[in-house]
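K.L.:
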Amino acid sequence: MVKTWDQLNELQPTVLKMLKNSLLKKRVAHAYLLEGIRGTGKKEIALLITKALFCDSLLEGYKPCESCNNCRRINSGNHPDVHKVEPDGLSIKKQQIQDLQEEFSKKGVESLRKVYMISDADKMSVSAANSLLKFLEEPSSQTTAFLLSEQPQQLLPTILSRCQILSFKPLSPQAMIQQLTENGVNPMNAPLLAQLTNSMDEAYELNGDDWFAQAQKIVVKLYEVLKRGPLEAMVTLQGDWFSHFKEKEQINRGLDLLLLIFKDLLYIQLDKQEQIVFKAESDRLRQYALETSGRRLSDQMSAILEAKRKLSANMNPQLMMEELVLNLQEGSSFV
Ligand SMILES: [Zn+2]
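Sequential numbering from 53 applies to the sequence shown in the numbering used here.
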């Protein structure tokens, strides 16, 4: 789906402000490096600026119109003076860069302007990177390069030094939720994923992960048995919990999920239901929120944070969880 300037500006306002100034002052760089984690809008913004460079009727002097012949051809990937290079298998090979150079030694098909875009630029082989370097050293005034990378530290310093670097920030939870749902993630799951990570990659991974789906159920179950009494809580802990959350990283994930349940309960009490992340459990949570107090919830959240701290300080996970379950219980029958 093609995004407009205004939509992308919500994702990456700093990057677009800079590019807007360059466009307005007609001082577009010869080469840009767009760096940031997956899903932050690098490709979309490279396309957007490419359109701004070719557009026949720019709006306000910098926004591509999205409807002229040039904009439409760039959107559909059919512009003769816009070239894209992507890894061929695991790497970008020297031949691919040479083909690009060959293409660029010809005059622009329709104008003098030419743009090329290299995705996953850090995957260039050493010889490909060296070829590109020669290319970057002899910039033609009408050529613009967009190098895209999630791992810019793997690029040659000599390449980095020839690019203007644009750093893409991780998305806000709100922007992440939108991106995730646009890309097929169930809207019921997206808010929880956006709370747990700011990496789109990790969010997609968790979304398809059976372990994670099961983890959520066990955490909800632990919360429910906590309300029933210490014995049942310990049984669930020794059974379901420890057979699922084994590694330290997994236990930490479990604690994050547990924390989010208490946060949800607090949001319900504060009448901020739109902030709930356990959407699928919201009916049950609304009921539970009636049975506790805000004070109690914030004590419980502190106890979970303390448990996370102990876990990272290498306390025995078994002891840490038993202690936590007792702390979460204490006084829980009082409102
Ligand atoms: Zn246009």
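Just so you know, even glycine gets a beta-carbon here, dropped at the ideal spot from N, CA and C.
Would you identify the three-state DSSP class for residue 112, choosing helix, strand or coil?
P.N.:
coil
K.L.:
Could you check whether the segment 115-124 touches the segment 248-257, counting it as contact only if at least three pairs of C-beta atoms, one from each stretch, sit closer than 8 Å?
P.N.:
Judged by Cβ distances under 8 Å, the segment 115-124 makes no contact with the segment 248-257, as fewer than three pairs qualify.
K.L.:
Could you check where the alpha helix (DSSP H) with residue 198 kicks off and where it finishes?
P.N.:
No alpha helix (DSSP H) holds residue 198; the beta strand (DSSP E) holding it covers 195-201.
K.L.:
Check for me: the alpha helix (DSSP H) holding residue 136 runs from which residue to which?
P.N.:
Where residue 136 is concerned, there is no enclosing alpha helix (DSSP H), although the beta strand (DSSP E) it sits in stretches over 134-137.
K.L.:
Apart from the five residues just before and just after residue 208, which ones in its own chain have a Cβ nearer than 6 Å to its Cβ?
P.N.:
These residues qualify, in order along the chain: 181.
K.L.:
What residue does the alpha helix (DSSP H) around residue 377 start on, and which one ends it?
P.N.:
369-381
K.L.:
Whose C-beta lies closer than 8 Å to the C-beta of residue 310 among residues of the same chain, with five residues either side of it excluded?
P.N.:
271, 274, 275, 356
K.L.:
Nearest to residue 302 by alpha carbon, out of 314, 264, 318?
P.N.:
If we check each option's Cα against that of residue 302, 264 comes out closest.
K.L.:
Grab me the residues of residue 216's own chain with a C-beta within less than 6 Å of its C-beta, minus the 5 sequence neighbours each way, in chain order.
P.N.:
81, 84
K.L.:
With respect to the beta strand (DSSP E) encompassing residue 169, which residues constitute its N-terminal and C-terminal limits?
P.N.:
Looking at the DSSP string, the run of the beta strand (DSSP E) that includes residue 169 is 166-170.
K.L.:
Under the rule that 16 or more other beta-carbon atoms within 10 Å means buried, what is residue 290, buried or exposed?
P.N.:
exposed
K.L.:
Hey, would you say residue 64 sits closer than 9 Å to residue 92, going by beta carbons?
P.N.:
yes
K.L.:
Quick check for students: name the residue ranges of the alpha helix (DSSP H) that lie wholly in the segment 250-286, counting only runs of 4 or more.
P.N.:
252-259, 262-278
K.L.:
Whole angstroms are fine: how far does the CA of residue 205 sit from the CA of residue 405?
P.N.:
Examination of residue 405 is not possible in this model, given that the chain is present from 53 through 387 alone.
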